[in-house]
Ligand code: PCA
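Numbering (our numbering), first residue to last: 1 to 198.
#1: Please work out which residues of its chain come closer than 7 Å, Cβ to Cβ, to residue 145, disregarding the five sequence neighbours upstream and downstream, and give them in chain order.
#2: In three-state DSSP terms, what is residue 36?
#3: Determine whether the Cβ of residue 116 lies closer than 7 Å to any Cβ atom of chain D.
#4: Based on Cα-Cα distance, which residue from 197, 198 and 183 lies nearest to residue 27?
#5: Measuring from each Cβ to the nearest heavy atom of the ligand PCA, keep the ones under 7 Å and list them in chain order.
#6: Who are residue 166's beta bridge partners in DSSP?
#7: Between which two residues does the alpha helix (DSSP H) carrying residue 184 extend?
#8: For residue 121, which residues does DSSP report across the bridge?
#9: So residue 12 packs on residue 95, CB below 8 Å; how close in whole Å?
#10: Taking the alpha-carbon of residue 93 as reference, which of 154, 29, 47 and 77 has the nearest alpha-carbon?
#11: Sort out for me which residues DSSP pairs residue 136 with in a bridge.
#12: Count the C-beta pairs between the stretch 110–124 and the stretch 155–166 that are closer than 8 Å, then say yes if the count reaches three, no if not.
#13: In or out: residue 30 buried (at least 16 other Cβ within 10 Å) or exposed?
#14: With DSSP run on the structure shown, which of helix, strand or coil describes residue 161?
#15: For residue 191 and residue 33, which I take to be in contact (beta-carbon distance under 8 Å), what is that distance rounded to the nearest angstrom?
#16: Which same chain residues, not among the five before or five after residue 152, have their C-beta less than 8 Å away from its C-beta?
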């Protein structure tokens, strides 16, 4: 069988936390899902550097699809992101201590780009597993959005599809009074989302 190539990324912990649900789930995915062979990459929660790391890996791999996963603590569903915006507006410092406010991701770039992966089909596939899923119309304006916007800009009008999924906390993070999903459910949800890829 001819496999397509999927570059899938998860983030380091940030904000003083011990784990990041995105990497915990990504690193537990199998090597092959549907007709995709996965290459997994753990990336830093640093403006600019996150995208540099992904672009560098993609330069070598030449993936058909790049799917980045991030943690969105407080969300109650697995949420494929529809859009990346040209804005850096952070409430906390990134892992290099930078906290930009009202800055563009890319000087003179367009205001926004739509994701190029089939986000609605992803939601449907995840819902089939019984795990909560919904579309998200904002990836925020922190490092996840920065990454999504930069990749969408880079791969505009190319064959490389680019998308982003935010996942809730996992219960293994033991956050008090916060919605969480078992780690195994996040792995199942991401597997289902990958089944929606062309
Ligand atoms: N979530 C952050 C950055 C890293 C992560 O996992 C975000 O939503 O921007």
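Beta carbons: idealized from backbone N, C-alpha and C, even for Gly.
Taking the structure as given:
#1: Cβ within range, chain order: 84, 85 and 139.
#2: Strand at residue 36.
#3: Looking for chain D here will not work: only one protein chain is present.
#4: For the residues 197, 198 and 183, the minimum Cα distance to residue 27 belongs to 183.
#5: Listed by position along the chain, the residues with Cβ atoms less than 7 Å from a non-hydrogen atom of the ligand PCA are 11, 14, 20, 22, 45, 70, 71, 72, 139, 140, 142, 143, 144, 145 and 166.
#6: DSSP, once it has assigned bridges, lists 70 and 79 as partnering residue 166.
#7: Residue range 183–195 is occupied by the alpha helix (DSSP H) that includes residue 184.
#8: For residue 121, DSSP assigns no beta-bridge partner whatsoever.
#9: Confirmed, Cβ separation roughly 6 Å.
#10: Taking only the C-alpha atoms, the option nearest residue 93 is 47.
#11: Partner(s): 81.
#12: Touching, yes, given that three or more Cβ pairs across the two stretches are closer than 8 Å.
#13: That one is exposed.
#14: In the structure shown, residue 161 sits in a strand (DSSP, three-state: E or B).
#15: That belief holds up - the Cβ atoms of residue 191 and residue 33 are roughly 6 Å apart, short of 8 Å.
#16: Contacts found: 84, 113, 114, 115, 116 and 162.
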